[in-house]
Each structure stands twice: as structure tokens, then as C-alpha cells.
Amino acid sequence: MSSPVANISVPRQQPVLVLGGGLMGLAVAHGLVRHGWSVHLLRRDRREAAGFAAAGMAAPHAEGLSGPLLALAQRSLSMIPPWVDTIEEDSGLPCGWLPCGTVAPFASQAQRQAFPTAALGRPLDRPALEAEAPGISPAFTCGLLFPQDGQLDSRRKLMTALERACRRRGVCFEEGVTVERLCWEEDGGGQQHLVGIALRTGDGERRRLPCGQAVLCCGAWSQQLLTCVPVTPVKGQMFSVQAPRQALRRVIFGPGAYLVPRQDGLVVVGATTEQVGFTPGLTPMGQTRLEQGLRQLLPAAAQWPPMERWYGFRPCTRDQQPVLGPGPLKGLVMATGHHRNGILLAAVTTELTRVVLEAGPAGCHLAPWAAPFLHAFRWNRFSSPPAQASMRQA
2 MSSPVANISV PRQQPVLVLG GGLMGLAVAH GLVRHGWSVH LLRRDRREAA
52 GFAAAGMAAP HAEGLSGPLL ALAQRSLSMI PPWVDTIEED SGLPCGWLPC
102 GTVAPFASQA QRQAFPTAAL GRPLDRPALE AEAPGISPAF TCGLLFPQDG
152 QLDSRRKLMT ALERACRRRG VCFEEGVTVE RLCWEEDGGG QQHLVGIALR
202 TGDGERRRLP CGQAVLCCGA WSQQLLTCVP VTPVKGQMFS VQAPRQALRR
252 VIFGPGAYLV PRQDGLVVVG ATTEQVGFTP GLTPMGQTRL EQGLRQLLPA
302 AAQWPPMERW YGFRPCTRDQ QPVLGPGPLK GLVMATGHHR NGILLAAVTT
352 ELTRVVLEAG PAGCHLAPWA APFLHAFRWN RFSSPPAQAS MRQA
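Here it is, written out as C-alpha cells:
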């Protein structure tokens, strides 16, 4: 654990620091600034944001989520339309929200019945499956339709709209900076509280920035600041093809690949899951795996012209669920570890973060709906007894 940093005074009227400028950082910053908070966002590299790599599915039912994560996702899904409205209002740009529904195909009725969210979907026999997903492989005999699911065009629309909305609302951006260390002090009762951050600018200058409140939105890089929070990168490769317009109306969530059709005919095909750290680049093996998954799901789509190929790093915890709410330091709020559900959970994460900050360190006046989620997704759930804060040395 690093030593406390002395002589850092925390101003009374200082902004909330948002550490990270990807999807979650932008969403949190926008949500706070709309509710009157002063927000200072620190970002290392805009191009690293996982939101630019995401397919944009908002499909908790097709993904077969369960327990508190399903409840959190369902709440967030219901919040997406009004959340999108605020972003579009502030930015003047579309976010690409499309409540298109999702089809999950199965090889047998037994597989369909065993699916965790089967009771929340509409059963499809083979003719109905073909009607909802034209050209789907004959290997699939039945399916489920989840009309409540949808998608956001994060790569081409949402991220750009969010950034413009933040800027227009007055979020202060500091670009090209790396947060190297969280600075803390210990009070007389043994409580560690945030007093600042140590950062490095793009030209190598090191400095300390006082702060008493910050939100950790560093995604796959979160564990570099907090070793006690097990968030690791999971690489995902994707590509897109150009389909005939209206060839697909629904997202298709298959066992080997998923297809996300945009309104202009572009279809996003994803995604690999690779435990390779931060190893960059596309690989022939990963792309071949996706192409095979596409052919096995929708054979005709293998002939559609290829458009783009890309990759990104998902922030993943041991249980593949997010880390939300008060962090190991007083004044630090967590908004990380969303794995493959960042787009889906962005709206509710934004609201939870604001609720925690407005409740204050003592948690006074915390909204009743938030308490169960803050417990389920607390930062120290991975250890027993609860872990203590652990920060890397700079």
C-alpha cells in the first residue's frame, strides 16, 4: 500500500473527478453535470474506450442473465429510452437506439426450456423462427423472441453523442493524462479517505491533483489503480458485413456468434472472448472463429461484403458482474467491471453513481431501490473477510 500523501488540502467547492473517458466515464459525467455537479473528466486515450468496440446490444434476456444482475439490467433497459433522449437533446446527435428485439435460436426444445430467461420470451417454432430470422440455419429447430430487448449504435453514434453532450453541458476534459495513483489519508478512526490523485501528462510531467470525490471508470485498466478490485481485460474481436437493407430486423444471439443489424443494413458480428491481457491486434484465429460462427448461424450472410474489423478490451471481474457504489476509499465511487454489458448497464450505472454521491459518505437519504444493488455489486464481495484498500505505488 502506498504511503499517505501529506499537505493536500481538499477545496470545499471542487469538481467531482471522473477517472476514465470511455462509455462509462462519459455517461457518468453527463448524468452528474445535468444534475448540477461540476465535473472534471480525465482521459488517457479516447481510442482505447471499449464503447467504440461494442456491438451495442441491450439484451439482458437473450443473454440469459439471472439474479441481481438480471434485475439491474432490466431496470437499466427500462431507463434507456429517456436516457437516450437526454443525450440527444444535449448533443443534437442521434444515439442509434433501436428497440428491435432479440431472437435466441436453439437446436432443441429441451435447450430452449432450460434457458434461464425462457419464461420471459415468446416461444418460436421452426416456421416462426424463420419468419423472425430469415435464412437462419436449419440446425436450429426453435427459438425465443425477446421483443423487450434492443440495441444502441455505440461505435458510430452513441459515443460521439455522449462526448458532445458532455462538452455542451460544461464537463471539463483533460486529455492525454494517465492516473498513476490514488492519494489518501487516514483519519483518527482508521478510515482511509481520498484526498487527491497523482497523474502523468502526455509529455511526461507528473503532478498531483487534489480531490475529495472521484468516480473510477477506468474499465479494463481499473486494477492498475486498485489491486484489491479484480478487474481484468478480456479481449474481443469483431467485424461487420453489409447486408441488403431489411435483411434482418432482429438481433440474433446464437451460440457461436451474434448478429446486430443496424437500420442502414450494416450487421455487426461478434465476438471472441480471449484471456490475453492487453495484447493488441486482430488475429487470424479470432477472425476465423467469428466467420465460422456467422456461417453456422446464418449461412447466406457469409456472402455479404465485409466492411470493418476491430477489437477492444472488456473489463471483467471474477463473477462477470460489475463493481458499483462506494469504493475502498471514502470519497471514491466505483463504476467499472461491466464485462460485455457496458452499453446495457450505462443508464442505471449513471443513476446509481449520482445517488451514491448525493447521499454522501454517511449514505444518508439513499434511494431505497439502490441499496440492494449496491450490496450485490460492492467492491469487496470477492473476499471474506472483506478486503482492505490496496493501491499500487507510483
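Residue numbers for the sequence shown follow our numbering, beginning at 2 and rising by one.
The beta carbon of each residue, even a glycine, is placed where N, CA and C say it ideally should be.
(1) Nearest CA to the CA of R310: which residue from V268, L210, S109, L345?
(2) Counting along the chain, where does the beta strand (DSSP E) carrying T337 start and finish?
(3) Taking the Cβ atom as the reference point for each residue, do A28 and T337 lie within a distance shorter than 7 Å?
(4) Take the Cβ of E176 as the centre, count every other Cβ of all protein chains shown within 10 Å, and call the residue buried at 16 or more, exposed below.
(5) Between the C-alpha atoms of C173 and G257, what's the straight-line distance to the nearest angstrom?
(6) Between which two residues does the alpha helix (DSSP H) carrying C167 extend?
(7) Let me check understanding here. Comparing Cα to Cα, which of I253, G102, G21, S384 lies closest to F141?
(8) Excluding the 5 residues preceding and the 5 following L346 in the sequence, name in chain order all residues of the same chain whose CB lies nearer than 7 Å to its CB.
(9) Looking at the structure shown, is W185 part of a helix, part of a strand, or coil, going by DSSP?
(10) Quick check on the burial criterion: 16 or more other C-beta atoms within 10 angstroms. Buried or exposed for A132?
(11) If you count every other CB in all the chains shown that lies within 10 Å of the CB of V349, and 16 or more means buried, which is it?
(12) How would you label D91, buried or exposed, when you count the other beta carbons within 10 angstroms and need 16 or more for buried?
(13) Starting from L200, follow the alpha helix (DSSP H) in both directions and report where the run begins and ends.
(14) Closest to G396 by CA distance: which of C184, L66, R208, N381 is it?
(15) At which residues does the beta strand (DSSP E) containing F116 begin and terminate?
(16) Determine which residues share a DSSP beta bridge with S241 and list them.
(17) Whose C-beta lies closer than 6 Å to the C-beta of G136 among residues of the same chain, with five residues either side of it excluded?
(18) What's the call for Q224, buried or exposed, on a 16-neighbour Cβ count within 10 Å?
(19) Can you list, in chain order, the residues of its chain whose CB lies under 8 Å from that of A244, leaving out five sequence neighbours each side?
(20) What does the alpha-carbon distance come out to for the pair G122 and P82?
(21) For T400, which beta-bridge partners are listed by DSSP?
(22) Assess contact between the region 59-68 and the region 191-198, defined as three or more Cβ pairs (one per stretch) separated by less than 8 Å. Is contact present?
(23) Is the Cβ-Cβ distance between G57 and I344 less than 7 Å?
(24) For T87, which residues of its own chain have a beta-carbon under 7 Å away from its beta-carbon, when the five flanking residues on both sides are left out?
(25) Straight-line CA distance for S241 to C101?
(26) Indicate the three-state DSSP secondary structure (helix, strand or coil) for L345 in the structure shown.
(27) Which stretch, first to last residue, makes up the beta strand (DSSP E) that contains I253?
(28) H62 and T118: beta carbons closer than 7 Å?
(29) Name, in chain order, the residues that DSSP records as bridge partners for C173.
(30) Return the chain-ordered list of same chain residues with a C-beta closer than 6 Å to the C-beta of A166, the five sequence neighbours on each side being excluded.
(31) Would you list the residues sitting across from T233 in a DSSP beta bridge?
(32) What is the residue span of the beta strand (DSSP E) that F147 lies within?
(33) Quick one: grab the DSSP three-state call for F383.
(34) Looking at the structure shown, is V277 part of a helix, part of a strand, or coil, going by DSSP?
(35) So W98 and L163 are in contact, right, with Cβ under 8 Å, and what is the actual spacing, rounded?
With the structure as the only source:
(1) Stepping through the sequence shown from its first residue, residue 310 is reached at position 309. Among V268, L210, S109, L345, the Cα nearest to that of R310 is on V268.
(2) As a first step, residue 337 must be located in the sequence shown, where it is residue number 336. Residues 333-337.
(3) As a first step, residue 28 must be located in the sequence shown, where it is residue number 27. As a first step, residue 337 must be located in the sequence shown, where it is residue number 336. Taking 7 Å as the Cβ cut-off, A28 and T337 do not qualify as a contacting pair.
(4) Taking the sequence shown and counting its residues from 1, the one referred to as residue 176 is at position 175. Taking a 10 Å sphere around the C-beta of E176, we find fewer than 16 other C-beta atoms and assign the residue as exposed.
(5) The residue you call residue 173 lines up with position 172 of the sequence shown. The residue you call residue 257 lines up with position 256 of the sequence shown. For C173 and G257, the distance between alpha carbons rounds to 42 Å.
(6) To locate residue 167, count along the sequence shown from 1; it is residue 166. Segment 160-170, the alpha helix (DSSP H) holding C167.
(7) Locating residue 141 in the sequence shown gives position 140, counting from the first residue. Selected option, being the one with the closest Cα: I253.
(8) As a first step, residue 346 must be located in the sequence shown, where it is residue number 345. For L346, where only same-chain residues beyond five positions count, the Cβ hits under 7 Å are L73, A74, S77, P323, H339.
(9) The count along the sequence shown starts at 1 and reaches residue 185 at position 184. Reduced to three states, the DSSP call for W185 is strand.
(10) Sequence index remark: in the sequence shown, residue 132 carries index 131 (1-based). If you draw a 10 Å sphere on the C-beta of A132, you find fewer than 16 other C-beta atoms in it, and that means exposed.
(11) The residue labelled residue 349 in the question sits at position 348 within the sequence shown. A residue is called buried once 16 or more other Cβ atoms fall within 10 Å of its Cβ, and V349 is buried on that count.
(12) Translated into the one-based positions of the sequence shown, residue 91 becomes position 90. With 16 or more other Cβ atoms within 10 Å, it is buried.
(13) Numbered from its first residue, the sequence shown carries residue 200 at position 199. It is not in any alpha helix (DSSP H) - L200 instead sits in the beta strand (DSSP E) that spans 193-201.
(14) Shown here, the chain extends from 2 to 395; a query on residue 396 therefore has no answer.
(15) Within the sequence shown, the letter at position 115 stands for residue 116. Looking at the DSSP string, F116 is not in any beta strand (DSSP E), and its letter there is neither H nor E.
(16) In the sequence shown, counting from the first residue as 1, residue 241 sits at position 240. Answer is V269, bridged to S241.
(17) Start at 1 with the first residue of the sequence shown, and residue 136 comes out as number 135. Correct list, in chain order: L299, A301.
(18) On the sequence shown, residue 224 is found 223 positions in, with the first residue counted as 1. Buried, by the Cβ-count rule.
(19) For the purposes of this step, residue 244 is identified with residue 243 of the sequence shown, where counting begins at 1. Cβ neighbours of A244 beyond the five flanking positions: P262, G266, L267, V268, A302, W305.
(20) Walking along the sequence shown from the start, residue 122 turns up at place 121. Walking along the sequence shown from the start, residue 82 turns up at place 81. Approximately 21 Å between the Cα atoms of the pair.
(21) In the structure as shown, the chain starts at 2 and stops at 395, and residue 400 therefore has no counterpart that could be examined.
(22) no
(23) The residue you call residue 57 lines up with position 56 of the sequence shown. The residue you call residue 344 lines up with position 343 of the sequence shown. In contact: G57 and I344 (Cβ atoms closer than 7 Å).
(24) Residue numbering aside, residue 87 sits at position 86 when the sequence shown is read from its first letter. So the list reads R35, once near-sequence residues are dropped.
(25) What you label residue 241 is simply residue 240 of the sequence shown in a count that begins at 1. What you label residue 101 is simply residue 100 of the sequence shown in a count that begins at 1. The alpha-carbon atoms of S241 and C101 are separated by roughly 18 Å.
(26) Against the sequence shown, residue 345 aligns to sequence position 344. Correct three-state label for L345: helix.
(27) Here the question's residue 253 lines up with position 252 in the sequence shown. 252-254 is the span of the beta strand (DSSP E), which, as asked, contains I253.
(28) The residue you call residue 62 lines up with position 61 of the sequence shown. The residue you call residue 118 lines up with position 117 of the sequence shown. Taking the C-beta atoms as reference points, T118 is found nearer than 7 Å to H62.
(29) Taking the first residue of the sequence shown as position 1, residue 173 is located at position 172. DSSP, once it has assigned bridges, lists H41 as partnering C173.
(30) To locate residue 166, count along the sequence shown from 1; it is residue 165. Closer than 6 Å at Cβ, skipping near neighbours: H31, I88, D91, S92.
(31) If you number the sequence shown from 1, residue 233 lands on position 232. The partner list for T233 (beta bridge, DSSP) reads C317.
(32) Along the sequence shown, read from residue 1 onward, the residue named residue 147 stands at position 146. From DSSP, the beta strand (DSSP E) with F147 extends over 143-147.
(33) Here residue 383 refers to the residue found at position 382 of the sequence shown. Three-state result, F383: coil.
(34) Counting from 1 along the sequence shown, the entry for residue 277 is found at position 276. Three-state DSSP puts V277 in coil, outside helix and strand.
(35) Working through the sequence shown from its first residue, we reach residue 98 at position 97. Working through the sequence shown from its first residue, we reach residue 163 at position 162. That pair is no contact at about 13 Å.
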